[in-house]
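Read through the structure below, which is laid out as structure tokens, and then see the notes.
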Amino acid sequence: MDFDFDTPASHEGAWSTRWERYAGRDVIPLWVADTDFRPPLAVLDAMEERVRQGFLGYSEQPRALRDAIVERLERRYGWRIDPSWIVFLPGVVPGLHLAARSLSAPHEHSLVPVPVYHHLRKAPELAPRPWRAVPLVLQGGRWVLDEADLRRAMRPETRLFFLCNPQNPGGTVFNRGELARIADATAPAVIISDEIHCDLILDPGK
Numbered sequence: 186m187d188f189d190f191d192t193p194a195s196h197e198g199a200w201s202t203r204w205e206r207y208a209g210r211d212v213i214p215l216w217v218a219d220t221d222f223r224p225p226l227a228v229l230d231a232m233e234e235r236v237r238q239g240f241l242g243y244s245e246q247p248r249a250l251r252d253a254i255v256e257r258l259e260r261r262y263g264w265r266i267d268p269s270w271i272v273f274l275p276g277v278v279p280g281l282h283l284a285a286r287s288l289s290a291p292h293e294h295s296l297v298p299v300p301v302y303h304h305l306r307k308a309p310e311l312a313p314r315p316w317r318a319v320p321l322v323l324q325g326g327r328w329v330l331d332e333a334d335l336r337r338a339m340r341p342e343t344r345l346f347f348l349c350n351p352q353n354p355g356g357t358v359f360n361r362g363e364l365a366r367i368a369d370a371t372a373p374a375v376i377i378s379d380e381i382h383c384d385l386i387l388d389p390g391k
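So for the sequence shown, the numbering used here puts the first residue at 186; every next one is plus one.
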């Protein structure tokens, strides 16, 4: 799929959340994960075809979409999943909040590494569920978790651990060894992993 990263897309008349918030001010809005280039032509063509069809009512996810997700996960990560495991949500933020509410009881705790994208702490906070911050430490230009600190933060009532990988805002890409140690240190808690930026790894060594 071809991308044109050089031709900016016009946001005029599009009610862009990113640009409208600071309209009329000398501000370059970098606060939300929106881009200024056009989507691939194949995506635009598919959307136009659907609109021209004339049916915009409720619909089911096509089997081909589930198959494409399964194929991509296996090809890119060597992870073969059952298509029935896939749950479609309108975005990562609703997923975080749904996980906090559905996977933990009111008395159960969550651990959240900080600094982090604010919705990872907002999810348990608004559930509402008790949560504790686990500070990341800067080592060699990477924000990482101190395993000893993480183990000390665990409690018998700790049910969820919220992970952002690649880490936002620090950009750390946790390697396999680090992920294994995190899983071991937080067991038997359920790990809620926000991996929405997994395709934007610009420097795997960081």
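Think of the CB as a built atom: it goes at the ideal place given N, C-alpha and C, for glycine as much as any other residue.
Given the structure is predicted, the values throughout are model-derived calculations rather than measurements.
So, is residue i buried or exposed, given that buried needs 16 or more other C-beta atoms within 10 angstroms?
i, result
"D379", "buried"
"Q324", "exposed"
"A249", "exposed"
"S289", "buried"
"T357", "buried"
"H303", "exposed"
Name the DSSP beta bridge partners of residue i, please?
i, result
"W328", "L323"
"C349", "D379"
"R317", "L296"
"F222", "P193"
Can residue i be considered in contact with the ligand NAD, in the sense that its beta carbon sits closer than 7 Å to one or more heavy atoms?
i, result
"I376", "Of ligands this structure carries none, so the ligand NAD is not represented either."
Which one of the options has the shortest CA to CA distance from residue i?
i, options, result
"G355", "R314, P298, T343 and A368", "P298"
"A218", "V322, I381, R261 and A312", "I381"
"R336", "L364, E197, L283 and T371", "T371"
How many whole angstroms separate the CB atoms of residue i and residue j, which I take to be in contact at a CB cut-off of 8 Å?
i, j, result
"R344", "A318", "Between A318 and R344 the Cβ distance is about 16 Å, and since that is not below 8 Å, they are no contact."
"V272", "C349", "Between C349 and V272 the Cβ distance is about 20 Å, and since that is not below 8 Å, they are no contact."
"P268", "D252", "7 Å"
"P341", "I386", "Their Cβ separation, rounded to whole angstroms, is 36 Å, which puts P341 and I386 out of contact at 8 Å."
"R223", "P214", "Rounded, the Cβ-Cβ distance is 18 Å, inconsistent with contact."
Could you check where the alpha helix (DSSP H) with residue i kicks off and where it finishes?
i, result
"H304", "H304 to L311"
"L364", "R361 to T371"
"M339", "Where M339 is concerned, there is no enclosing alpha helix (DSSP H), given that its DSSP letter is neither H nor E."
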